[in-house]
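Q:
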Amino acid sequence: MIRRQDLPYTQAAMILLPAVGLGLLARAWVISKAPTESFAVDQLFDTLAWNLVSLRRFTLDGVNPAAHVGPLYPGVLACFYFLMGHRPEWVPMLHVLFDLGAAWGIYRVGVVLWNDRVGAWTAALFFLYPAYWTYDPRIRSEALLTLLISLWLWTTVLAMKKPSLLRFVLMGLVAGLTVLCKPVVLVLAILLATLAGMNSDRISQRLARGAMYTTACLTLVAPWSVRNYVEFHQFIPVSAGVGVGFWMGSDPVSRGSWPMPLEQEHTIWESANITPLPHAYAMYDVGTDQRLRQKGIERILADPMNYLRLTLGRIWDFWIGNSYYLFDEQHEDGFGLWTDAHERGWVVAVYSLVKRLLLIPGLIVLACISAWMQRERWETLLPLYLFPVGLTAGYVPFTVEAGRYALPVLPCLMLLSVAAVFYLKSLQMCFPKDQVPPV
Numbered sequence: 457m458i459r460r461q462d463l464p465y466t467q468a469a470m471i472l473l474p475a476v477g478l479g480l481l482a483r484a485w486v487i488s489k490a491p492t493e494s495f496a497v498d499q500l501f502d503t504l505a506w507n508l509v510s511l512r513r514f515t516l517d518g519v520n521p522a523a524h525v526g527p528l529y530p531g532v533l534a535c536f537y538f539l540m541g542h543r544p545e546w547v548p549m550l551h552v553l554f555d556l557g558a559a560w561g562i563y564r565v566g567v568v569l570w571n572d573r574v575g576a577w578t579a580a581l582f583f584l585y586p587a588y589w590t591y592d593p594r595i596r597s598e599a600l601l602t603l604l605i606s607l608w609l610w611t612t613v614l615a616m617k618k619p620s621l622l623r624f625v626l627m628g629l630v631a632g633l634t635v636l637c638k639p640v641v642l643v644l645a646i647l648l649a650t651l652a653g654m655n656s657d658r659i660s661q662r663l664a665r666g667a668m669y670t671t672a673c674l675t676l677v678a679p680w681s682v683r684n685y686v687e688f689h690q691f692i693p694v695s696a697g698v699g700v701g702f703w704m705g706s707d708p709v710s711r712g713s714w715p716m717p718l719e720q721e722h723t724i725w726e727s728a729n730i731t732p733l734p735h736a737y738a739m740y741d742v743g744t745d746q747r748l749r750q751k752g753i754e755r756i757l758a759d760p761m762n763y764l765r766l767t768l769g770r771i772w773d774f775w776i777g778n779s780y781y782l783f784d785e786q787h788e789d790g791f792g793l794w795t796d797a798h799e800r801g802w803v804v805a806v807y808s809l810v811k812r813l814l815l816i817p818g819l820i821v822l823a824c825i826s827a828w829m830q831r832e833r834w835e836t837l838l839p840l841y842l843f844p845v846g847l848t849a850g851y852v853p854f855t856v857e858a859g860r861y862a863l864p865v866l867p868c869l870m871l872l873s874v875a876a877v878f879y880l881k882s883l884q885m886c887f888p889k890d891q892v893p894p895v
């Protein structure tokens, strides 16, 4: 016999278990069909991780120190290789575990903010969302970042619901780990520090909570910053790469946004006088990145309004996807859908088109409607608004956009959208069509 207090967990299990089963089957199918080729970023993470295992150094060539990316994902991957051996083909299974952890974190956020139904349906929607499957086969950090963002969101919601020093310390620790995974979330980490003052307690208590959050975050980030200063004799908080964002982000031909034709990308590097590149990720070398940063800032200062226009375009690209997919100027038909269908098949191509034109815009609109319907709870729901804004503010000015970057905060829109559906459903049940609600 099921006890009354156990019923919500049983309902959540009835929603989540089939979704997890289907999601695992889908991931297994995608992984089995995934091509064996890898991109430069996959080689970068693999090389750093294996050198950590074999050489005990964070380096790409075995001699010079590296600061191309944050150290957390290569460190996690190195632990995986240490236990399993150098088996890159097994990395997708690690990413599936990250997805399961992220689904659990999203479920907990939904339970804290609403109830178990909202949490379970959102976690199921996340785990079944096809965009996350396509990145699991690759060796890159988005799966781990999505897990960390979901845990960071959960600890933030808990800290806002019942503020305490311990909860803000926990929130700061997860923030530090996330920064070490993707440095661009530094903007979000700074933005979330303002939440410590979002209550009616004494100023001294609010300042103490903010100080504990900041200290916990810096405790994890500062040692790596010191390491970078010792190795490169310049201040690099986590990793190089800002120069790439400034140079390519201010390029008017490319609109400062990936993906782009390979020939166009080579032209941009040639105009910066840094070609030929010794390896595919040489633009992230500290010295090269410093030169690109200087050149990019000079070009931005020379025409700030054009950079502002490009930045607004990259915000669109960040969430919706850039125009190169739809309008491929390299082909006579001028429609990127045909190219995508030829390379990946019509099922994937049509899904990609629907995602850009309907699915993501629909989630954005529904999330905005949900925020308006629940405007009385704006302080409680504030983390769901700050996370997408903060990640966008970090990625768009300092990196070159790619469509996958919005995936870590897409669950925020999913939570609001699912909550809106349940809210509208409850209104329909309260006021049937044959009844008029009281004025």
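Position one of the sequence shown corresponds to residue 457 (my numbering), numbered consecutively onward.
Just so you know, even glycine gets a beta-carbon here, dropped at the ideal spot from N, CA and C.
#1: Any idea if A468 is buried or exposed, counting beta-carbon neighbours within 10 angstroms, 16 or more meaning buried?
#2: Three-state secondary structure (DSSP) at P586?
#3: Candidates Y879, E835, D741, F843: which alpha carbon is nearest M616's?
#4: Indicate whether L648 and G846 have their beta-carbon atoms separated by less than 8 Å.
#5: Could you pull out every residue in the same chain whose Cβ sits closer than 6 Å to the Cβ of L626, ignoring the five residues on either side in sequence?
#6: Rounding to the nearest angstrom, what Cα-Cα distance links I646 and R658 in this structure?
#7: Check each candidate in R543, P708, Y669, A484 and name the one with the smallest Cα separation from Y763.
#8: Are the CB atoms of L511 and P530 nearer to each other than 8 Å?
#9: Closer than 8 Å by C-beta to W506: which residues in its own chain qualify, once you throw out the five before and the five after it? Chain order, please.
#10: Which whole-angstrom value describes the C-beta separation of F582 and A599, a residue pair presumed to lie in contact below a C-beta threshold of 8 Å?
#11: Do you know whose CA, among V686, P586, I724, lies nearest M704's CA?
#12: Closest by CA to A522, which one among D773, L480, F688, K638?
#13: Out of curiosity, what's the CA-to-CA distance linking W608 and V565?
#14: Using a Cβ distance threshold of 8 Å, determine whether the stretch 734-742 contacts the stretch 798-818, with at least three qualifying pairs required.
#15: Using only alpha-carbon positions, find the residue among V613, A678, R623 that is nearest to L642.
#16: Please name the residue in L872, L880, S882 whose C-alpha comes closest to that of L569.
#17: At 4 residues or longer, and completely inside the stretch 717-772: list those alpha helix (DSSP H) runs for me, N to C.
#18: Helix or strand or just coil, what does DSSP make of T671?
#19: Check the DSSP bridge columns for P530 and list the partner residues they point to.
#20: Assuming F774 contacts V852 (C-beta within less than 8 Å), just tell me the rounded distance between them.
#21: Looking only at C-alpha atoms, which of L550, I562, S597, P544 sits nearest to L399?
#22: If you scan the stretch 492-579 from start to end, which runs of the alpha helix (DSSP H) of 4 or more residues do you find wholly inside it?
#23: Check each candidate in M549, I692, D498, A496 and name the one with the smallest Cα separation from R483.
A: Well, looking at it:
#1: Translated into positions along the sequence shown, residue 468 becomes position 12. Buried.
#2: What you label residue 586 is simply residue 130 of the sequence shown in a count that begins at 1. Helix, per DSSP.
#3: Within the sequence shown, residue 616 is the residue found at index 160, counting from 1. Across the set Y879, E835, D741, F843, the C-alpha of E835 shows the shortest separation from the C-alpha of M616.
#4: On the sequence shown, residue 648 is found 192 positions in, with the first residue counted as 1. On the sequence shown, residue 846 is found 390 positions in, with the first residue counted as 1. Yes.
#5: Here residue 626 is taken as the residue at index 170 of the sequence shown, counted from 1. For L626, where only same-chain residues beyond five positions count, the Cβ hits under 6 Å are T611.
#6: Counting from 1 along the sequence shown, the entry for residue 646 is found at position 190. Counting from 1 along the sequence shown, the entry for residue 658 is found at position 202. Our two residues, I646 and R658, have alpha carbons roughly 22 Å apart in a direct line.
#7: Along the sequence shown, one-based indexing puts residue 763 at 307. Sorting R543, P708, Y669, A484 by C-alpha distance to the C-alpha of Y763 places P708 at the top.
#8: As a position in the sequence shown, residue 511 is number 55, starting the count at 1. As a position in the sequence shown, residue 530 is number 74, starting the count at 1. Not a contact, by the Cβ cut-off of 8 Å.
#9: Locating residue 506 in the sequence shown gives position 50, counting from the first residue. Within the same chain, W506 has close Cβ partners A534, Y537, H542.
#10: As a position in the sequence shown, residue 582 is number 126, starting the count at 1. As a position in the sequence shown, residue 599 is number 143, starting the count at 1. With 8 Å as the limit, F582 and A599 do not qualify as a contact, their Cβ atoms being about 12 Å apart.
#11: Within the sequence shown, numbered from 1, the residue matching residue 704 stands at position 248. Ranked by how close their Cα comes to the Cα of M704, the residues V686, P586, I724 have I724 in first place.
#12: Your numbering for residue 522 matches position 66 in the sequence shown. By alpha-carbon distance to A522, the top candidate from D773, L480, F688, K638 is F688.
#13: Here the question's residue 608 lines up with position 152 in the sequence shown. Here the question's residue 565 lines up with position 109 in the sequence shown. C-alpha of W608 to C-alpha of V565: approximately 10 Å in a straight line.
#14: Contact fails: fewer than three Cβ-Cβ distances are below 8 Å.
#15: As a first step, residue 642 is located in the sequence shown; it is residue number 186 there, counting from the start. L642 has its Cα closest to that of A678, out of V613, A678, R623.
#16: Within the sequence shown, the letter at position 113 stands for residue 569. In terms of Cα proximity to L569, the closest of L872, L880, S882 is L872.
#17: Considered as a whole, the stretch 717-772 harbours 718-727, 742-758 as its complete alpha helix (DSSP H) runs of no fewer than 4 residues, in chain order.
#18: The residue given as residue 671 occupies position 215 in the sequence shown. Note: T671 maps to helix in three-state DSSP.
#19: The residue labelled residue 530 in the question sits at position 74 within the sequence shown. DSSP output for P530 lists no bridge partner at all.
#20: Stepping through the sequence shown from its first residue, residue 774 is reached at position 318. Stepping through the sequence shown from its first residue, residue 852 is reached at position 396. Contact holds; Cβ gap of about 6 Å.
#21: Absent from the model: residue 399. The displayed extent of the chain is 457 to 895, so no value can be given.
#22: For the stretch 492-579, the continuous alpha helix (DSSP H) assignments of 4+ residues that do not extend past its boundaries occur at 496-510, 528-540, 547-569, in sequence order.
#23: The residue you call residue 483 lines up with position 27 of the sequence shown. Of the candidates M549, I692, D498, A496, the residue whose Cα lies closest to the Cα of R483 is M549.
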